[in-house]
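Going down the list, the protein sequences come from chains A and B. Numbering follows our numbering, in which position 80 of the first sequence is assigned residue number 80; successive positions increment by one, without gaps. Numbering follows our numbering, in which position 294 of the second sequence is assigned residue number 294; successive positions increment by one, without gaps. Don't be surprised by glycine CBs; every beta carbon is placed ideally from N, CA and C. Small disclaimer: the values here were computed from a predicted structure and weren't measured. Contents: one structure, followed by commentary.
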Amino acid sequence: MPDGTILDGGAVYVYDGSYDGLFTAIFDAVYSRREPEDIVSGNRLQLTFATRYIETAADPAKAARVKKAAREKLGSQAMKRIYHAYLSSGEDREISIYRYLMLGFRMGGKANSHLTDPAVFRVFSLSRNVSREADKMMGFMRFSVMEGGVQYCRFSPENNILPLVLSHFAARFPGIPLVIHDTRRSLLGIYDTAGRYIVSAEGYVPPEKSSDEECFEGLWKLFYDTISIKERRNLKLMKQMMPARYFRHVWER
Amino acid sequence: MDTNEKLRILTASAKFDAACTSSGSQRRSFKGGIGSAVSAGCCHAFSSDGRCISLLKVLYTNYCINDCKYCVCRRSNDIERAAFEPKELADLFMSFYRRNYVEGLFLSSGVVKNPDYTAERLLEVLKILREEYYFCGYIHVKAIPGASPELVRALGLLADRMSVNIELPSESSLRLLAPQKTKENVTKPMAQIRDGIIQRTNEIKLFRSTPRFVPAGQSTQMIIGATPDTDYQIIRLSQALYRTYGLKRVFYSAYVPVGNHPALPKDIQPPLLREHRLYQADWLMRFYGFTAEEILSEDNSHLDPLLDPKAFWALNHLDQFPVEINTAPYEMLLRVPGIGVNCAKRIAAARRTAKLTFADLKKLRVQLKNSVYFITCGGKYVFPSYRMNHSFIYGSLTASSSMMPAITEHRQLTMNDDFDSLTPTAEERVKCLTGQF
Ligand code: SF4
Ligand code: SF4
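Okay, here's the thing in structure tokens:
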């Protein structure tokens, strides 16, 4: 397909949405020497005029070469950062990752502290956003034990953090089969005690809750309600209601 | 009595023990809302990687042979009493854990029969969890004051964190309000846990497989506002505890009036703001290299409720400011109000590749609202420098955020200059606004 002519508006590389696919697109962009204007996954494609689309096909070997080079130049911290940025829902994630990598190839590890560069900064903040959401989510996700012993949890995260939370819980509950349901993307994260998989949730109907599940939910609710200290809660409210300027009279100094 | 009832009674008694930070402030640097752990509904602690984790916080029993005046479980208090069976408690915990309701256990207890008997019961709970259910998550257990050293050691081998509560900030308060407790009772197990941790660190150098001993360290708790002790006394004590016993954390817990002893304050609101300020001061001592004596002194013995302690310190040491963002040593960046550890790191990294301006700081998400009075970028202040005096800064920091001009570019400087030349009494206006007159 590439014929060497560069059109106005640059080229948009299209990949299949997978992590390897993204790295393949980056590989192709580097070797075709055509500066990408954007890199988008197939399902985000919006046709505009005067833009050249270049389809890329995920190729694990190409992806591995870019990953290896990136790891050597930028370090493993950066690889984790890039992976997290890739999981984010930021529309500019791919192109920011690309630019961050290019900077890394040019200046090595120094790129990691180049926070005034917009692409570097963007990758850092996308990744921070993803880690933060995953961290929070891990604390707030509640599983139910279903008929047959599977533990099921449904959630709807901002970013595509399913792979992160799935590996967290698979490591935490080694002998317990899990199903984590991302209802926003309609994906299932499955851990069957032997391996982890992510599959489409189209048409999936979760099993019924097991019979004593309600009893445990009740116990938890009881704990939750009992542990809060009403004196503290009132005061917090009071503080919100009372502007700071009154406070100086109230507090012993 | 069924598990439901027991859980209700024993959680109700456990909640006043602030063992983990009941305010969100510890993690979210200084800006967290007061009491947010309470609205989150469970008690929290921190795993070694700094993540905050939620704990099932419960007493093994609320029967107690002691009569500490500030405690709900005191013998003379007329409340419902209950006790778990070790197995019952372990099962309950595991069913919460596998549903991801909680990430760990915080187990405390009243003293039933005698300290050793109580410690044995706690030990049994931990044994079931670790050895039958192979639970390898977080367990925090109270060392019961007065229990034998063997039991303290056995608990330490199974728990991640242990704590012995010091409860009151001074010995005289302790004598008055907790007659059965002595300073010795508290410091002995503390020293033992410290030595256990040190011994383990030494042994691990010799033998690979020394058993883990309290890997998350020990902590303690102090009740704030039940006694007349000053903030200065309190943070001096914390500093001493950190130094002498190598504590990981000191927790401060605003006194909730549950006692009726004549020496205790009645009908007060728990001093949450004071608790919050103490946590901040504590944070300064642990992570920012401040000493208790730098923050407060004998004559200046209370923190200002309107200022966070770092701003409080900075205002008392204006001679050390302003700090030039592009050249100041990292340690000094850390001392600027509004600049936290992460922030200081980001600045230190970014200034290696470019000379930073205020707009850059904004991009680096440096909180300018509070720091702007204490820093220069390339020698420039945001405000004209003659306004940089104590009363202006104090007024601005404690007033609403609308005082702070939006910094988008350097034009701001000129705008401010104009504003000032038009209004010669700007200083007075500020004072009016903030009620300083
Ligand atoms: S969850 Fe708990 S420990 Fe974590 S930040 Fe919130 S209040 Fe603090
Ligand atoms: S020993 Fe502990 S539980 Fe018993 S009264 Fe004193 S503080 Fe309360």
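Outcome for residue i when other beta-carbon atoms lying within 10 angstroms are tallied against a minimum of 16
| i | result |
| --- | --- |
| B:M222 | buried |
| A:T183 | exposed |
| B:A14 | buried |
| A:V12 | buried |
| B:T244 | exposed |
| B:T327 | exposed |
| A:G195 | exposed |
| A:A78 | buried |
| B:E5 | exposed |
| B:D160 | buried |
| A:F140 | exposed |
| B:Y386 | exposed |
| B:I198 | exposed |
| B:C260 | Reading the sequence as shown, one finds Asn at residue 260 of chain B and not Cys. The residue in question, B:N260, is exposed, as its Cβ has fewer than 16 Cβ neighbours within 10 Å. |
| A:T193 | exposed |
| B:G340 | buried |
| B:N114 | exposed |
| B:P145 | buried |
| A:E147 | exposed |
Beta-ladder partner(s) of residue i, from DSSP
| i | result |
| --- | --- |
| B:K380 | B:C377 |
| B:G338 | Its beta-bridge partners do not exist; DSSP assigns none. |
| B:A83 | B:T61 |
| B:M222 | B:E167 and B:Y252 |
| A:S41 | A:Y15 |
| A:C153 | A:I180 |
| B:V323 | B:I375 |
| B:L56 | B:L105 |
| A:Y191 | A:L178 and A:R196 |
| A:I54 | A:Y13 |
| A:S144 | A:Y152 |
| B:R161 | B:H140 |
| A:P36 | A:A11 |
| B:K363 | In the DSSP output, where bridge partners are listed per residue, B:K363 has none listed. |
| A:K209 | A:M146 |
Proximity test, residue i beta-carbon vs ligand 2 heavy atom, cut-off 7 Å
| i | result |
| --- | --- |
| B:A178 | yes |
| B:V112 | no |
| B:R286 | no |
| B:N66 | yes |
| B:R74 | yes |
| B:C136 | no |
| A:C153 | no |
| B:C71 | yes |
Under 8 Å by beta carbon: chain A residues contacting residue i
| i | result |
| --- | --- |
| B:R98 | F143, V145, Q151, F173 and I176 |
| B:L56 | F223 |
| B:N77 | None at all; the shortest Cβ gap to chain A is about 16 Å. |
Within chain B, partners of residue i - CB distance below 9 Å
| i | result |
| --- | --- |
| A:T116 | A350, T353, A354, L356, D360, K363 and L364 |
| A:G148 | Under the 9 Å cutoff, chain B gives no residues; its nearest Cβ is about 15 Å from A:G148. |
| A:F121 | K363 and L364 |
| A:G21 | Simply none; closest approach about 31 Å. |
Contacts that residue i makes with chain B (C-beta to C-beta distance below 7 Å)
| i | result |
| --- | --- |
| A:F105 | Chain B residues near A:F105: none, gap ~17 Å exceeds 7 Å. |
| A:G108 | Neighbours of A:G108 on chain B: none; closest Cβ ~13 Å, over 7 Å. |
| A:G189 | None at all; the shortest Cβ gap to chain B is about 14 Å. |
| A:G75 | The premise fails here: A:G75 is roughly 14 Å from chain B at the closest Cβ pair, so nothing lies under 7 Å. |
| A:G90 | Under the 7 Å cutoff, chain B gives no residues; its nearest Cβ is about 16 Å from A:G90. |
| A:G42 | Residues of chain B passing the Cβ test: none, with the nearest at roughly 33 Å. |
| A:G266 | Nothing can be reported for residue 266 of chain A: it is not among the residues displayed for chain A, which extend from 1 to 253. |
Chain A contact residues for residue i, given Cβ-Cβ distances below 7 Å
| i | result |
| --- | --- |
| B:L129 | Neighbours of B:L129 on chain A: none; closest Cβ ~15 Å, over 7 Å. |
| B:N346 | Per the sequence shown, residue 346 of chain B should be read as Arg rather than Asn. Ordered by position in chain A, the residues that pass the 7 Å Cβ test against B:R346 are L115. |
| B:S95 | F216 |
| B:Y101 | R142 and W220 |
| B:N4 | L219 and L222 |
Closer than 9 Å at the beta carbon, the chain A residues around residue i
| i | result |
| --- | --- |
| B:L7 | L219, L222, F223 and T226 |
Within chain B, the residues that residue i reaches when beta carbons sit closer than 8 Å
| i | result |
| --- | --- |
| A:S113 | A349, A350, R352 and T353 |
| A:G10 | The premise fails here: A:G10 is roughly 26 Å from chain B at the closest Cβ pair, so nothing lies under 8 Å. |
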